[in-house]
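Q:
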Amino acid sequence: MSTLVLLLVTGLGLGGLYFLVASGLSLIYGLMGVLNFAHGSFLTLGAFVGVGVARLVGTDTWAGLGLALVVGAATGAAAAALTELGLIRPLYERHIEQVLVTVGLSLATVALFEGIWGPDAQYLTGPPWLESTTTLAGARIPNVAFVTFVAGALVLAGIVLFLKHTRYGLIIRAGVENRAMVTALGIDVRRAFTLVFAVGGAAAGLGGVLASQYFGYVSPHLGGNLLIFAFIVTVIGGLGSLTGAAVASVVVAVLQQLTNYYLGYGDLVVVLLLAVVLLVRPSGLLGRKA
Amino acid sequence: MTRTRWIRLAAALGGLVLVACLPLLAIYVPGVLPGPTYMPGTLQLLALCWLTAALALSYHLLFGVVGLMSFGHALYFAAGVYGLAIVLERTDLPLLGAAVVVLAGGVLLAYVLGAISLRVTGISFAMVTLAFAQAGNVLVRRNPGDLTGGEEGLALETQFVPDALVGVVNTRNLYWLALAVLVVVYLVVLWIERSRAGHVAAAVRENELRVRVVGGRPYAVKLLVFVLAAGLATVVGMAYLLLQSGAVPRASSSEFTLTLLVMVVLGGVGSRWGAIVGAVLYTILDQRLGELAGSEAVEALPAVLRVPLSEPMFLLGACFILVVMFVPGGLAGAAGRLTQAGAARRRAVAA
Numbered sequence: 001m002s003t004l005v006l007l008l009v010t011g012l013g014l015g016g017l018y019f020l021v022a023s024g025l026s027l028i029y030g031l032m033g034v035l036n037f038a039h040g041s042f043l044t045l046g047a048f049v050g051v052g053v054a055r056l057v058g059t060d061t062w063a064g065l066g067l068a069l070v071v072g073a074a075t076g077a078a079a080a081a082l083t084e085l086g087l088i089r090p091l092y093e094r095h096i097e098q099v100l101v102t103v104g105l106s107l108a109t110v111a112l113f114e115g116i117w118g119p120d121a122q123y124l125t126g127p128p129w130l131e132s133t134t135t136l137a138g139a140r141i142p143n144v145a146f147v148t149f150v151a152g153a154l155v156l157a158g159i160v161l162f163l164k165h166t167r168y169g170l171i172i173r174a175g176v177e178n179r180a181m182v183t184a185l186g187i188d189v190r191r192a193f194t195l196v197f198a199v200g201g202a203a204a205g206l207g208g209v210l211a212s213q214y215f216g217y218v219s220p221h222l223g224g225n226l227l228i229f230a231f232i233v234t235v236i237g238g239l240g241s242l243t244g245a246a247v248a249s250v251v252v253a254v255l256q257q258l259t260n261y262y263l264g265y266g267d268l269v270v271v272l273l274l275a276v277v278l279l280v281r282p283s284g285l286l287g288r289k290a
Numbered sequence: 001m002t003r004t005r006w007i008r009l010a011a012a013l014g015g016l017v018l019v020a021c022l023p024l025l026a027i028y029v030p031g032v033l034p035g036p037t038y039m040p041g042t043l044q045l046l047a048l049c050w051l052t053a054a055l056a057l058s059y060h061l062l063f064g065v066v067g068l069m070s071f072g073h074a075l076y077f078a079a080g081v082y083g084l085a086i087v088l089e090r091t092d093l094p095l096l097g098a099a100v101v102v103l104a105g106g107v108l109l110a111y112v113l114g115a116i117s118l119r120v121t122g123i124s125f126a127m128v129t130l131a132f133a134q135a136g137n138v139l140v141r142r143n144p145g146d147l148t149g150g151e152e153g154l155a156l157e158t159q160f161v162p163d164a165l166v167g168v169v170n171t172r173n174l175y176w177l178a179l180a181v182l183v184v185v186y187l188v189v190l191w192i193e194r195s196r197a198g199h200v201a202a203a204v205r206e207n208e209l210r211v212r213v214v215g216g217r218p219y220a221v222k223l224l225v226f227v228l229a230a231g232l233a234t235v236v237g238m239a240y241l242l243l244q245s246g247a248v249p250r251a252s253s254s255e256f257t258l259t260l261l262v263m264v265v266l267g268g269v270g271s272r273w274g275a276i277v278g279a280v281l282y283t284i285l286d287q288r289l290g291e292l293a294g295s296e297a298v299e300a301l302p303a304v305l306r307v308p309l310s311e312p313m314f315l316l317g318a319c320f321i322l323v324v325m326f327v328p329g330g331l332a333g334a335a336g337r338l339t340q341a342g343a344a345r346r347r348a349v350a351a
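Those protein sequences? They're chains Y and Z, same order as listed.
Taking the numbering used here, the leading residue of the first sequence gets 1, the next gets one more, and so forth.
Taking the numbering used here, the leading residue of the second sequence gets 1, the next gets one more, and so forth.
(1) Assign PHE326(Z) to buried or exposed, taking buried as 16 or more other Cβ atoms, counted over all protein chains shown, within 10 Å of its Cβ.
(2) Take ASP267(Z) as the anchor and find which of TYR282(Z), VAL248(Z), PHE256(Z) has the nearest alpha-carbon.
(3) Beta carbon of ASN170(Z), beta carbon of ALA164(Z): below 8 Å?
(4) Could you pull the start and end residues of the beta strand (DSSP E) that LEU136(Y) belongs to?
(5) If we require 3 or more residues per run, which beta strand (DSSP E) segments fall completely within the segment 48-113 of chain Y?
(6) From LEU96(Z) to ALA318(Z), what distance separates their C-alpha atoms?
(7) What would DSSP say about ARG328(Z), mapped onto helix, strand or coil?
(8) The beta strand (DSSP E) spanning ILE141(Y) covers which residue range?
(9) State yes or no: is the beta carbon of GLN159(Z) nearer than 8 Å to at least one beta carbon in chain Y?
(10) Is it the case that the CB of HIS95(Y) approaches a heavy atom of the ligand NAD more closely than 7 Å?
(11) Does ALA290(Y) pass the burial test, meaning 16 or more other C-beta atoms within 10 Å, or should it be called exposed?
(12) Run through the segment 61-132 of chain Z for me and flag every whole alpha helix (DSSP H) of 4 or more residues, listed as ranges in chain order.
(13) Look up VAL218(Y) in the DSSP assignment and give the residues it is bridged to.
(14) Given a limit of 7 Å on CB to CB distance, which residues of the segment 108-121 of chain Y reach chain Z?
(15) Of all the CB atoms in chain Z, is at least one closer than 8 Å to the CB of ILE141(Y)?
(16) Using the beta-carbon count (16 or more within 10 Å), is ASN173(Z) buried or exposed?
(17) Shorter than 8 Å from the beta carbon of PRO308(Z) to some beta carbon of chain Y?
(18) Name, going along the chain, the residues of the segment 105-135 of chain Z whose beta-carbon falls closer than 9 Å to a beta-carbon of chain Y.
(19) Any chance you could list the beta strand (DSSP E) runs of at least 3 consecutive residues sitting entirely within the segment 162-228 of chain Z, in chain order?
(20) Which residues share a DSSP beta bridge with GLY246(Z)?
(21) Skipping 5 residues on each side, what residues in its chain have a beta carbon closer than 6 Å to that of VAL144(Y)?
(22) For GLY106(Z), which residues of its own chain have a beta-carbon under 7 Å away from its beta-carbon, when the five flanking residues on both sides are left out?
(23) Please compile the residues from chain Y whose C-beta is within a distance smaller than 7 Å of the C-beta of LEU258(Z).
(24) Check whether the segment 50-61 of chain Z and the segment 183-193 of chain Z touch, using three or more Cβ-Cβ pairs below 8 Å as the test.
(25) Span of the alpha helix (DSSP H) holding LEU22(Z)?
(26) Are the CB atoms of ILE236(Y) and LEU285(Y) nearer to each other than 8 Å?
(27) Which of the three DSSP states, helix, strand or coil, is assigned to PRO312(Z)?
(28) What are the residues of the segment 275-290 of chain Y that lie near chain Z, defined by any Cβ-Cβ distance shorter than 7 Å?
(29) Measuring alpha carbon to alpha carbon, tell me which residue in ALA80(Y), VAL49(Y), TYR18(Y) is nearest GLN122(Y).
(30) Using a C-beta cutoff of 8 Å, does PHE19(Y) count as contacting chain Z?
(31) Report the rounded CA-to-CA distance for ARG167(Y) versus ALA74(Y), giving the unit in angstroms.
(32) Suppose you measure from the CA of LEU185(Y) to the CA of LYS164(Y); what does that come to, to the nearest Å?
(33) Any idea if ASP267(Y) is buried or exposed, counting beta-carbon neighbours within 10 angstroms, 16 or more meaning buried?
(34) If you compare alpha carbons, which of ILE7(Z), VAL100(Z), GLN134(Z), MET69(Z) is closest to TYR265(Y)?
(35) Against chain Y, which members of the segment 217-228 of chain Z pass a CB distance test of less than 7 Å?
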């Protein structure tokens, strides 16, 4: 029983991480139709810069973690916004080329990170509370799992509030529905593109810092590893659907934890789930019919 | 046949004969090749170029002809590499028999996975193929039942491989094998593109809905091309195993598929020669830029310049981005524009 609780809660924590990556992917795809392969690089960069700044204060203090989160999110947002302005915007509406550019960017940046920070994982220790456990229903659960899950939930709530209650949110939602119409009404949708990239990049940067706490290390491949699962999550949830991504993040992560413990090969079961979902509902759980 | 076609055919055959004779000659291109062409090291690099070109051609069949952006092509290549390594190690089949078994396995795998992934199109298709390839990569790394050797990979079991294909002394035979694989793959791709299925495939790339309206079956054609491309990749994978005399997990990684995509786009999407040139250029750059990274000239540079220059993948990725943004059509497209401009000028002079 306690093992089950442990697996469920760590699964929720991992789901929070997946959602932090998948939310940006889903928003960007929903509005612009671009699959962003460089999203993992935003995450890795956010993690490295955030943790690097935190080292100045000490990674095992709360101030260090707070600083890392803020700097990580800001770095991710800045990198994403620059990518959109410099690489995506000039290739307006040419989706294949836009995807190719992000593929090139991900290859180039991972190599660059390896050159700057070395190819191996750098281990770090977080604040003592994060490193310890809380007993819940007889299970000793690492506190970091709660933090990543809550962070994912907060980001979901934040993005939903932003989309529902702000003018820019309105433009983005309208753009997802019918971009040509929004443009015809005299609204510059391109500004919303940059904004969506920045929001997604910030979530990814935040996810990078949290992932470095969750796994206990930063490495140039941190983002790439999470990105694959974030892709699976976005397809299962339905491309462009934020709630779908949230539901799928939790389902995928919990399933992965359970099968990893009881059967092994959790990663394969996730791919199997993807195949089943595609056979039954090709547009994903909450995706619109194509 | 028109006269220009005869000339082209003769030029291609002549080039092929020249390339086939390279192991008997001593041509040295400083900076491009590591040594004269009869040396095993150089032949190994050139053979790698031909196999990569063959693999890029099989990817061209997917991406260039039928317009399917697959991120999981490495899976079928890895099926060839690991499949042959495992069959040779675990059974008493001779090389040819083992190759037939592995090819059948690769085609079956492609049929099942292709049938599932082709239920979705566009970006979803790319992601699903990526997920399947990633699953293969995980399997290979996990080393189930001690089959794949995990991170260390597998060494080629040479007991049932003909002696002529084993060892550094016989690198030239492996070179000819690699060249033969490239020629066969090229001819098969050419044949598919010229066949009725190839024409339907090109039509599906341009407008799938219209193909369906006129009574074509896009799904069947896409699946057919997918399976054929995967089969070719399996064949290339088997030759790769013989050439490198071992299998490493990198062959199944998603990055490996991405590099294939880079090659095809660098050379020019939709062009057979583009795929070949892109692959050869990529392989040579990948090898030689590593040398550049270790050279004293780069070591002496300040860190701002040294770090990017010592990462071949960074330079290649940056080149790739520049080509996508500023050279639509890749190298083949640029060459086409140059020759067209030249022809236009000649016409202007004649007039």
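Just so you know, even glycine gets a beta-carbon here, dropped at the ideal spot from N, CA and C.
A: The relevant details are as follows:
(1) Result: exposed.
(2) Going by the sequence as given, residue 267(Z) is Gly instead of Asp. If you compare the alpha carbons of TYR282(Z), VAL248(Z), PHE256(Z) with that of GLY267(Z), the shortest gap goes to TYR282(Z).
(3) Yes, the Cβ-Cβ distance between ASN170(Z) and ALA164(Z) is below 8 Å.
(4) Here the beta strand (DSSP E) through LEU136(Y) covers 133-136.
(5) Runs of the beta strand (DSSP E) spanning 3 or more residues and lying entirely within the segment 48-113 of chain Y do not occur at all.
(6) The straight-line gap from Cα to Cα measures roughly 42 Å.
(7) Arg is not the amino acid found at residue 328(Z); the sequence shown has Pro there. Three-state result, PRO328(Z): coil.
(8) From DSSP, the beta strand (DSSP E) with ILE141(Y) extends over 139-142.
(9) Not closer than 8 Å to any Cβ of chain Y, the Cβ of GLN159(Z) fails to qualify, so no.
(10) What this structure holds is no ligand at all, so the ligand NAD is not there to describe.
(11) Because the pLDDT at ALA290(Y) is just 45, under 50, the model does not fix this residue reliably, and the value given afterwards should be weighed accordingly. The residue in question, ALA290(Y), is exposed, as its Cβ has fewer than 16 Cβ neighbours within 10 Å.
(12) Counting only runs of 4 or more, we get 74-90, 95-117.
(13) Partner(s): GLN122(Y).
(14) Against chain Z - using a Cβ distance shorter than 7 Å - the residues of the segment 108-121 of chain Y are ALA108, ALA111, LEU112, GLU114, GLY115, ILE116.
(15) At least 8 Å separates the CB of ILE141(Y) from every CB of chain Z.
(16) With 16 or more Cβ atoms within 10 Å of its Cβ, ASN173(Z) is classed as buried.
(17) Interface flag for PRO308(Z) against chain Y is set, since a Cβ pair is found closer than 8 Å.
(18) Taking 9 Å as the Cβ-Cβ cut-off against chain Y, the residues of the segment 105-135 of chain Z that qualify are LEU113, ILE116, SER117, ARG119, VAL120, THR121, GLY122, ILE123, SER124, ALA126, MET127, VAL128, LEU130, ALA131, PHE132, GLN134, ALA135.
(19) Entirely contained in the segment 162-228 of chain Z, not one beta strand (DSSP E) run reaches 3 residues.
(20) The partner list for GLY246(Z) (beta bridge, DSSP) reads ALA155(Z).
(21) Only LEU130, GLN213, TYR214 meet the Cβ criterion.
(22) Taken in chain order, the residues that qualify are TYR76, ALA79, GLY80, GLY83, ALA230, GLY231, THR234.
(23) Going along chain Y in sequence order, the residues near LEU258(Z) (Cβ under 7 Å) are VAL103, LEU107.
(24) Because the criterion of three Cβ pairs below 8 Å is met, the segment 50-61 of chain Z and the segment 183-193 of chain Z touch.
(25) That residue, LEU22(Z), is in no alpha helix (DSSP H); it is neither H nor E in DSSP.
(26) Less than 8 Å divides the Cβ of ILE236(Y) from the Cβ of LEU285(Y).
(27) For PRO312(Z), the secondary structure class from DSSP, reduced to helix, strand or coil, is helix.
(28) Under the 7 Å Cβ criterion, the segment 275-290 of chain Y contributes ALA275, LEU278, LEU279, PRO282.
(29) Closest by alpha carbon: VAL49(Y).
(30) It does not; no Cβ of chain Z falls within 8 Å.
(31) Put simply, the backbone Cα of ARG167(Y) is about 22 Å away from that of ALA74(Y).
(32) Linking LEU185(Y) to LYS164(Y) through their CA atoms gives a straight-line distance of about 20 Å.
(33) The residue is buried, with at least 16 neighbouring Cβ atoms inside 10 Å.
(34) Taking TYR265(Y) as reference, the option from ILE7(Z), VAL100(Z), GLN134(Z), MET69(Z) with the minimal CA-CA separation is GLN134(Z).
(35) For the segment 217-228 of chain Z, no residue has a beta-carbon sitting nearer than 7 Å to a beta-carbon of chain Y.
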